[in-house]
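Visitor: In the working numbering, the protein residues as written are -10 to 781. Here a beta-carbon is modelled for each residue, glycine too, at the ideal position from N, C-alpha and C. Please read all numbers here as calculations on a predicted model, not as lab measurements.
1) Near residue 352, which residues of its chain fall below 6 Å by C-beta distance, leaving aside the five closest residues on each side in sequence?
2) Tell me, please, which residues DSSP counts as bridged to residue 325.
3) Please state whether the Cβ-Cβ distance between residue 177 and residue 330 is less than 9 Å.
4) Can you tell me whether residue 477 is helix, strand or coil according to DSSP?
5) How many angstroms separate the CA atom of residue 627 from the CA atom of residue 132?
6) Identify the residues that DSSP records as bridge partners of residue 28: which are they?
7) Would the beta-carbon of residue 426 fall within 9 Å of that of residue 596?
8) Which same chain residues end up closer than 6 Å to residue 422 when comparing Cβ atoms and leaving out the 5 residues on each side of it in sequence?
9) May I ask which residues mark the beginning and end of the beta strand (DSSP E) holding residue 47?
10) Under 8 Å by Cβ, that's how I've got residue 438 and residue 256 pegged, so tell me the actual separation to the nearest angstrom.
11) In terms of alpha-carbon separation, which member of 779, 191, 223 and 97 lies closest to residue 604?
12) Quick check: the region 130 to 144 against the region 280 to 290, are there 3 or more CB pairs under 8 Å?
13) Can you look up residue 622 in the DSSP assignment and give me helix, strand or coil?
14) When you compare only the Cα positions, how much space is there between residue 298 and residue 167?
15) By DSSP, does residue 716 sit in helix, in strand, or in coil?
16) Does the region 111 to 126 come close enough to the region 379 to 392 that 3 or more CB-CB pairs lie under 8 Å?
17) Classify residue 292: buried if its beta carbon has 16 or more other beta carbons within 10 angstroms, exposed otherwise.
18) Relative to the C-alpha of residue 180, which residue among 383, 217 and 379 is closest?
19) Quickly, what does DSSP pair residue 673 with across the bridge? List them, please.
20) Measuring straight from C-alpha to C-alpha, what distance separates residue 17 and residue 480?
21) Take residue 659 and list the residues in its own chain whose beta-carbon comes closer than 6 Å to its own, dropping the five residues that flank it on each side.
22) Whether or not the region 360 to 375 and the region 77 to 94 are in contact is what I'm after, with contact meaning three or more pairs of Cβ atoms, one per stretch, closer than 8 Å; do they touch?
23) With DSSP collapsed to three states, give me the class of residue 394.
24) State the DSSP-derived secondary structure class of residue 736, mapped to helix, strand or coil.
25) Do the CB positions of residue 554 and residue 270 come within less than 9 Å of each other?
26) Anyone know if the C-beta pair for residue 521 and residue 537 falls short of 9 Å?
27) If you reduce the DSSP assignment to three classes, tell me which class residue 53 lands in.
28) Please work out which residues of its chain come closer than 6 Å, Cβ to Cβ, to residue 709, disregarding the five sequence neighbours upstream and downstream, and give them in chain order.
29) In whole angstroms, give me the CA-to-CA distance for residue 266 and residue 758.
30) Which residue marks the beginning of the alpha helix (DSSP H) containing residue 549, and which one marks its end?
31) Among 136, 72 and 162, which one has its Cα closest to the Cα of residue 113?
32) From residue 656 to residue 231, what does the alpha carbon distance come to, in whole angstroms?
33) Is it right to say residue 666 is buried, meaning 16 or more other beta carbons lie within 10 angstroms of its own, or is it exposed?
34) DSSP three-state label for residue 360, please.
35) Thinking residue 317 and residue 430 are a contact (beta carbons under 8 Å), I'd like their distance in whole angstroms, please.
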């Protein structure tokens, strides 16, 4: 199971706080910035650099060269986010237990077993000289901060350690951390392998139907026909389950069907806007924390100007604009990882079979430092395809073949977005870049728009990558990566806009399969619906679309509830009268004032748990510890619920209506218990939809109020355009037209600084919660630093 690093961090720091390592938020400050007008020496500069900051602490860096600008960016980012930088490199490099103790040892062991630190070094060695130079310059800036800081950030003081100098490979580790977040599909492949092994073929096709109704509507003629409903096979599974005891643990994961790590992105061409400009909109959905994962910056050097958000630790503007082209990203949910089933023999435990015969496993020992305890030692085995997973699959060992661990699979090609002048230039750069797999939305100064994908995509032979197979006989495997020209693209569509919300995009016949686990198409459908109606579009219009809370997706569950909540049913079960009033009162939105939605969301969850337990419960024994879930739980669930067939679901003796009413009763009980018994028809969505944005040290009760953002209501839902859940929401919202950056919009949660004593620690939070736009470009300078080269 993928590690929840943030929860592990919080747990570990609570333990440290109890031991006296985090007793207060006073007594330390960040290194003070030089007074306005003072010149500060920055080793390695070729010429003077000016850094101004506006009222929100957003820096504008003016330099003569890219290298000087990135060196200054490293310095300024470290000043504001040094503890975050250190956690990001430690998390990916498997070095958290060294500062946080045994609670992080399992997470560290996984990263070491994957060989991530070695992969980072190999990737760095293979990068082009221009990219290495960029990383060297950035590292020089971070280290200049570390050398000159009069006081380290408070987190280092409370945890009692000093960060090591920043290395260029640390930036590669941060990039690989995004691969962890966006393209680690190990659990998905394990699930599909188990289901393929244990379920009838017809049930597999039904559960893994790749195109939901909303996506089909978008694809039109390209939408595949639905597989037949395997009624007899499902009846047999339900009947078998009735004979067995109920499952002791969840079949679906707790977050199955909930807010994905994904994003929204769209670009509207000049033919649909007020004055012919093309406009890009992008909001990236990630797990939220303090400080935010993104850092706002503007860089000006030579004839180039770039503005947008930076991933701390990496000298790249991840999404933004260069005044000629604007770009945004959404997760491709691409399949760039395979679990290679290894063929071994009991009498040859140190060997595995390959196309060229039997080979010995490479074996190494990894030493992991553990705070306050002896070092831990981990044995790591590797194959010609990659490291051996610590978890067997269906009783057999598997190796991890992953683009992120391949020196040919990763680079910093996104650096070249500073020079592109058209969507054609941008498509060429993005298609050739080796970052995590993403959809790319583009708009240029001539009013044009485009979509393509970025990241290296495996060229598979002999299998499709959805389930684990053996590569021992050479018939299955990877033949390098798809050529950039083979990656799909849409340029200047007749509709005048392109949209991606992690759903399946239209691809030409015969195009390679890039992903299996696309998100449900509701968000993309809703965005497309709104854009089709729109004319004379402005930046403000697209920003409002980012805040759309329409939630028709849950209308299926409302209609199902109202269908069984008849007068007769309610007369026999008076407790359900509130449920009927609440469902009937729902306004179809996920606004803070919407009533009825809390019940419908829980009703859906209970239905999925009950039905999938009947279908998949027996498969738990095949892979202990794995929570099973197809990528789209609603499409198969709704198809079966539409049949009203009691023998396809775990219905009680009372039949179909009794099954649905029982699920409603459980939902009513759960929602009322969690909300102090409030009447359901008075319970507003704002009482349930609350966002938690926590600082790692904020797990300590005495520090929570000072370090965390307020735990407050947030409009939106897990399938809304304004996506919102307990910990996942829009980590930024960007709207911009190239050449019209002065009209651009960008906001994000929390603030620029990671220092709780800084005025910029939370000064963007209110605008983000309230859905209020902030300017993309920095405002008037309120502070200036001049950085000068060392004298020789």
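Guide: Looking at the atomic coordinates:
1) For residue 352, same chain residues with a beta-carbon under 6 Å away, outside a window of 5 residues either side, are 370 in chain order.
2) Per DSSP, none; premise fails for residue 325.
3) Taking 9 Å as the Cβ cut-off, residue 177 and residue 330 do not qualify as a contacting pair.
4) coil
5) Near 56 Å, if we compare the C-alpha coordinates of residue 132 and residue 627.
6) 775
7) no
8) 402, 403 and 443
9) Looking at the DSSP string, residue 47 is not in any beta strand (DSSP E), and its letter there is neither H nor E.
10) 4 Å
11) 223
12) no
13) coil
14) Those two C-alpha atoms are separated by around 15 Å.
15) coil
16) no
17) exposed
18) Looking from the CA of residue 180, the closest CA among 383, 217 and 379 belongs to 383.
19) 584
20) Interpretation of residue 17 is limited by its pLDDT of 37, a score under 50 that renders its predicted location unreliable; the figure taken from the coordinates is listed afterwards. The straight-line gap from Cα to Cα measures roughly 52 Å.
21) 591
22) yes
23) Look at residue 394 here: in three-state DSSP terms it is helix.
24) Correct three-state label for residue 736: strand.
25) no
26) Contact flag unset, no.
27) Judged by DSSP in its simplified three-state form, residue 53 adopts coil rather than helix or strand.
28) So the list reads 538, 540 and 579, once near-sequence residues are dropped.
29) 29 Å
30) Run containing residue 549: 544 to 553, per the alpha helix (DSSP H) assignment.
31) 162
32) 22 Å
33) exposed
34) coil
35) 5 Å
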